[in-house]
Amino acid sequence: MAALLITELHGVIPELVGFIEEAGLEKSNKFLAAVAQPKDRKALAEKWGVDARKLLELGNRADLARIKGIGAIYSDLLEFAGVDTVVELSKRNSDNLYDKIKEVAAEHHVRRLPRLEVVQDWVAQAKSLDRGIFY
1211 MAALLITELH
1221 GVIPELVGFI
1231 EEAGLEKSNK
1241 FLAAVAQPKD
1251 RKALAEKWGV
1261 DARKLLELGN
1271 RADLARIKGI
1281 GAIYSDLLEF
1291 AGVDTVVELS
1301 KRNSDNLYDK
1311 IKEVAAEHHV
1321 RRLPRLEVVQ
1331 DWVAQAKSLD
1341 RGIFY
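Heads up: the sequence shown runs through residues 1211 to 1345, numbered per my numbering.
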């Protein structure tokens, strides 16, 4: 699976980009590994002078980026539908999730929706992956 650049993830704030690049964490998979554990998020937050919750939020997006076909727009839709991580996605019924995605897409004026088959594939991929982020 190809990792996204961290700047391709929705929610990355400009003040973090320099720190992330300086630490060599430009790829979403490297960033996820660096923030997977609470103690690591806390240490980076203290080092960089940022809120650890922001690192968790971005870590959640990096976690979802492990699923082929989920980019910035679809990660937003999943978040609006209550899915923040691969573990949460793996526990969803794809038909129900698809209905929820359609609902939140209408609320947020998103025109391009994934097909049901795509959502089914996301759930299947999520079931095959290990936990990426811990609390």
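Virtual Cβ for every residue (Gly too), placed ideally from N, Cα, C.
From a predicted model like this one, the values you see are computed outputs, not experimental measurements.
Check	Outcome
Residues bridged to Leu1215 (per DSSP)	Lys1237
Proximity of Leu1307 and Leu1274 at Cβ, strictly below 9 Å	no
Ile1283 Cβ short of 8 Å to the ligand NAD heavy atom set	Looking for the ligand NAD in the displayed structure turns up nothing, as the structure carries no ligands at all.
The alpha helix (DSSP H) enclosing Lys1278, as first and last residue numbers	Careful: Lys1278 lies outside any alpha helix (DSSP H) and carries neither H nor E.
Contacts around Ala1255, its chain only, beta-carbon distance under 6 Å, and the 5 residues preceding and following it disregarded	Ala1262, Leu1265
Leu1235 versus Trp1258 - alpha carbon distance	13 Å
Meets three-Cβ-pair contact criterion under 8 Å: the segment 1307-1326 and the segment 1244-1253	no
For Trp1332 and His1318, the rounded distance between their alpha carbons	21 Å
Cβ contact (3+ pairs, closer than 8 Å) linking the segment 1226-1233 and the segment 1277-1287	no
Secondary structure of Ile1311, DSSP reduced to three states	helix
DSSP state of Phe1344 mapped onto helix, strand, coil	coil
Distance CB(Phe1344)-CB(Val1314) smaller than 9 Å	no
8 Å CB neighbourhood of Leu1215 in its chain, flanking five on each side removed	Glu1236, Lys1237, Ser1238
Test item: CB-CB of Asp1305 and Leu1326 under 9 Å	yes
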